[in-house]
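J.: Here it is, the structure in full.
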Amino acid sequence: MAIPACPRYKIPALLLAAAVQTAYAQNGGDAVQAVLEEVKVSGRRTGNTTEKQQSYTINNMNTATGMALSVKDTPQSVGVLTRSQLDDRALNSLDDALNTATGVNVVREASRLRFQTRGFFVDQIGEDGLTHNVAGRQGLSDNVEVSPNTDLAVYDHVEILRGAAGLTVAQSEPGGTVNLIRKRPTAKFQHIGEASFDKWGTRRGMLDVSGSLLSAAGLRGRVVGVHEHSESFKDRVNGRKNVLYGTLEADVGANGLFSLGGLYQKSHDKPDFTGILLPCVDPENSFGERCGNTPEIMPRNTYLAQNWTRGESARKNLFAKFKWGFDNGWKAGADANYTRTKSDSRIGTFVTEAVTWPGAASTGGRSTHSIHPFRYQKTDKQYGLKFDLSGQYGLWGGTHDFYAAYTFNKENTRSRFTRYWNKTARYYPDYGGYWRLENNSYPIYGIRGDEVPEPDWNELDGTEKTVYDSRFGGNQVLYYDLNSYYNKASNHGFALSNRFNWGRWHLLAGARYTRYRNHSAKILDIWDGERKLPRADYEHFSDLKGSKWIPYAGITYDITPQHSLYASYTGVFKPQENTDTTHRNLLPPVLGNNLEVGWKAALFDNKLNASVSLFRIVQKNRGIAVVDNNFMTAMNPVGRVISQGIDAELAGSLTPDWQIFAGYTYNKSRYSRAEKPKRRCFDWNTFTEVECLGRAWDEDLNFSRHTPQHMFRLYTSYTLPGGKWQIGAGVNAQSKTSSLYNISQGGYAVWSGHVQYRINKNAYVSLIGKNLGDKIYFENNAYRTRSRNNFYGTPRSYTLKAGWRF
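Counting with mature numbering (1 follows the signal peptide of the UniProt record, and there is no 0), you get residues -25 to -1, 1 to 781 for the letters of the sequence shown.
Below, the structure written as structure tokens:
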């Protein structure tokens, strides 16, 4: 069998061709007929499906290596959130779910939530193993991204890899990746439904129908629909969400399976982009923030935005798969995925001003702020392809595992950031000072939401002045910024690996080859109403391309059939989308390595998984921020970070009626070169950095200061004798954190629980409680100052849920 290949791909192509020939040569064997049963689905559940299983663990996963290995046999730190965990705790969003997972730090960035493990962001999320980029990788303006992740109702479970995904992800941060496994059609008819209501007034309904459509033709289908109207503990914050997901599966002959599906999700929200202000106890030493005299802590229901603030997003996804199982157990597959996301945020928010500035209104000793509108629009298209081959072969007296894959990913992003400065002051050091309009400051304790009307975002008058909608009197907007960003990125990847099995020893060795190209453009315009400000026009174009080999090696030793020791090593590689100090060249890729050793156990007939791992990550070429005289942010690729620590997890069934999930993470990270924590403060009177007085930096904190050094997750559920009642309880706890501006959050613990009563075998009702102790805390955020980005965690809440399955 010949496979054409261009010279640069010659070695991977030859190895792939040899593997295919091996599969054909061995065709006809019966040794691994049990594996073939998984390919010939015909309604049978595969080994990694958690639906209908009352378990907090899983049989096997392939997120880390591409091979379907058990948790014990995977030489990296992995975890899972099963369908049972998601249902028991009413975890319907990815951020709520990952906030319960071992080692995952959920980070609030304006209206968007991001995820970190081991101090690094998760920049790629997979669906059925085909990854796509997440929002927020380029520029500050992405912090107003409003595109949510897909509702979890369409997924069977969530797989988590902590540590670099050297074999399965083309280019990513060393923190790891998340893989969402979609629900699949069932052979037998089933109807699942849920209806829930919470303390704040959120109403949610979900219907899930699946079954055989043409049993003689082997055709099955599944449809999932969600409608949610959400309310919040914050005044005027709410939203709506509608989701429709459908998929078809058809048997192709005796050994093939074809799948086709799609998803549409539409969201409308009134989100909180800025949080609250904190009392300013040290205005002289508030680096990078405008800190007025705010004497009182704001209540948790505070919302400091205009009533017209809103975010809208639409997500469309199409996917197709084809799987073929050879008679000897080898498998070949092809996957294709297309996702289009469009979002639009219109925001009326505030900028804090100290009362000591000239022209600021007096409010009885309290600080004031100005309100200005801005808008962020983004369209993102992502394409993904994957072809893979896996199987077993005999060599040197043993049976070994082989995996090969080719992946292609492409992303086209267009975004536009518009800001109106009619209600604020802005400083331009090169343009002769700052501008201010009189009588446009408002007391922060009296924001009603109707202080500033919404602009007409699309109209300009004859003098190039943007104007408000006529119903607001045609008031002019004097200052106007327009930033446009364009980015095209693509990569081709080849992955090859073998797992050699010699008795108790198992060696997994492989590599991934990636060719990449990133092209970006940035165009900035600043207007003052009648003319462009001097030197305000700015544009730059960058193009970066190259290739990289990433090695992977993992070794496992079986102490007993239930216990094993392991060690693994893989490289870290990620092209950067930031520019250097010339604003014209993209930074070189981030490089590094991930080293891990540990112990794993599969207990009680593989129903309970336990693991302890020690890890060390080294990352270099990390971009260090530099701000020039035009307030343009650039990067120097001189940062080097070391992150190390411990992950421990226990998940599964202690008895058939007792489920447990427990995880602990210790993470210590530091800069070994460049960008130590800042010891300089900012003087807003002279606009210069000065020596900080009376403020000590906490050297015990991580380089990622908003990442806790200690995180503990626990949840357990128990079904009482008789099977009618189930009770559950748990806690999320973390140690202290801080921000780049030294705004600290002490350690805290948040308790949760649920009670479920089963009416009959088909229906149940549950009461789920969150933050039962009503702990007051702020969500982790890297950019917390006393003037913004302080987001309260959700207070004590209860959700009543009714569910049924027929």
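Think of the CB as a built atom: it goes at the ideal place given N, C-alpha and C, for glycine as much as any other residue. Source: prediction; values computed, not measured.
Enumerate in chain order the residues of its own chain whose CB-to-CB distance from residue 290 is below 6 Å, with the five nearest sequence positions on each side excluded.
T.: 240 and 316
J.: Report yes if the C-beta distance between residue 250 and residue 765 is below 9 Å; otherwise report no.
T.: Yes, these two residues count as a Cβ contact at 9 Å.
J.: Where DSSP assigns a beta bridge to residue 781, which residues make up the other side?
T.: Residue 781 is not bridged to any residue.
J.: Would you call the CB atoms of residue 730 and residue 748 closer than 9 Å?
T.: Taking 9 Å as the cut-off, the beta carbon of residue 730 is found no closer than this to the beta carbon of residue 748.
J.: Considering only residues of the same chain and omitting the five flanking positions on each side of residue 578, which have a CB-CB separation below 7 Å?
T.: 537 and 585
J.: In angstroms, rounded to a whole number, what distance separates the CA positions of residue 212 and residue 466?
T.: 40 Å
J.: In or out: residue 774 buried (at least 16 other Cβ within 10 Å) or exposed?
T.: Per the 10 Å Cβ criterion, buried.
J.: Does the Cβ-Cβ distance between residue 368 and residue 362 come in under 9 Å?
T.: no
J.: Would you kindly work out how many angstroms separate the C-alpha atoms of residue 109 and residue 696, rounded to a whole number?
T.: 45 Å
J.: In the structure shown, what three-state DSSP assignment does residue 784 receive?
T.: Outside the shown range of the chain, which is -25 to 781, sits residue 784, and nothing can be said about it.
J.: Let me check understanding here. Comparing Cα to Cα, which of 356, 370 and 372 lies closest to residue 385?
T.: With distances taken between Cα atoms, residue 385 lies closest to 356.
J.: Just the Cα atoms here: how many angstroms apart are residue 479 and residue 48?
T.: 11 Å
J.: Taking the DSSP output, what are the residues bridged to residue 772?
T.: 745
J.: Taking contact to mean at least 3 C-beta pairs separated by less than 8 Å, is the segment 752 to 760 in contact with the segment 83 to 99?
T.: yes
J.: Does residue 128 pass the burial test, meaning 16 or more other C-beta atoms within 10 Å, or should it be called exposed?
T.: buried
J.: Whole angstroms are fine: how far does the CA of residue 485 sit from the CA of residue 531?
T.: Residue 485 has its alpha-carbon roughly 15 Å from the corresponding atom of residue 531.
J.: Which one or two residues does DSSP pair with residue 379 in a beta bridge?
T.: 364 and 471
J.: Decide if residue 159 is buried, meaning its Cβ has at least 16 other Cβ atoms within 10 Å, or exposed.
T.: buried
J.: Am I right that residue 134 and residue 312 are in contact with their C-beta atoms under 8 Å? What's the rounded C-beta distance?
T.: Going by Cβ atoms, the distance from residue 134 to residue 312 rounds to 17 Å, so no, they are not a contact pair.
J.: Taking the DSSP output, what are the residues bridged to residue 84?
T.: 87
J.: Over the uninterrupted alpha helix (DSSP H) stretch that includes residue 62, give me the two end residues.
T.: Counting along the chain, the alpha helix (DSSP H) containing residue 62 begins and ends at 58 to 63.
J.: DSSP three-state label for residue 103, please.
T.: coil
J.: Decide yes or no for the touch test of the segment 491 to 501 against the segment 148 to 162: beta carbon pairs closer than 8 Å, at least 3 of them.
T.: no
J.: Is residue 218 helix, strand or coil by DSSP?
T.: Looking at residue 218 - three-state DSSP - the assignment turns out to be strand.
J.: Is the distance from the Cβ of residue 568 to the Cβ of residue 593 below 9 Å?
T.: A contact, by the Cβ cut-off of 9 Å.
J.: Nearest to residue 353 by alpha carbon, out of 283, 458, 272 and 277?
T.: 458
J.: Whole angstroms is fine: what's the gap from residue 79's alpha carbon to residue 73's?
T.: Rounded to the nearest angstrom, the two C-alpha atoms are 6 Å apart.
J.: Excluding the 5 residues flanking residue 77 on each side, which residues of the same chain have their C-beta closer than 7 Å to its C-beta?
T.: 54, 622, 624, 638, 640 and 688
J.: What residues in its chain sit with their C-beta under 7 Å from that of residue 278, if we drop five residues either side in the sequence?
T.: 209, 210, 211, 212 and 247
J.: By the DSSP assignment, the alpha helix (DSSP H) with residue 71 in it spans what residues?
T.: 69 to 73
J.: If we ignore side chains and look at the alpha-carbon of each, how far apart do residue 254 and residue 760 end up?
T.: Taking the straight line joining both Cα atoms gives about 10 Å.
J.: Ordered along the chain, which non-local residues of its own chain (more than five positions away) have a Cβ less than 6 Å from that of residue 309?
T.: Excluding residues within five positions, the ones whose Cβ falls inside 6 Å are 297 and 362.
J.: Spatial neighbours of residue 722 within its chain, please: CB distance less than 8 Å, with the 5 preceding and 5 following residues excluded, ordered by chain position.
T.: Excluding positions up to five away in sequence, the list reads 683, 685, 708, 709, 710 and 711.
J.: DSSP on residue 190, reduced to helix/strand/coil?
T.: helix
J.: Should residue 331 go down as buried or exposed, given a rule of 16 or more other Cβ atoms within 10 Å for buried?
T.: Note that residue 331 has pLDDT 35, beneath the 50 cutoff, so the model's placement of it is unreliable and the number below is only indicative. Flag for residue 331 reads exposed.
J.: Residues in its own chain within less than 6 Å of residue 529 by CB, not counting five upstream and five downstream?
T.: 50, 483 and 543
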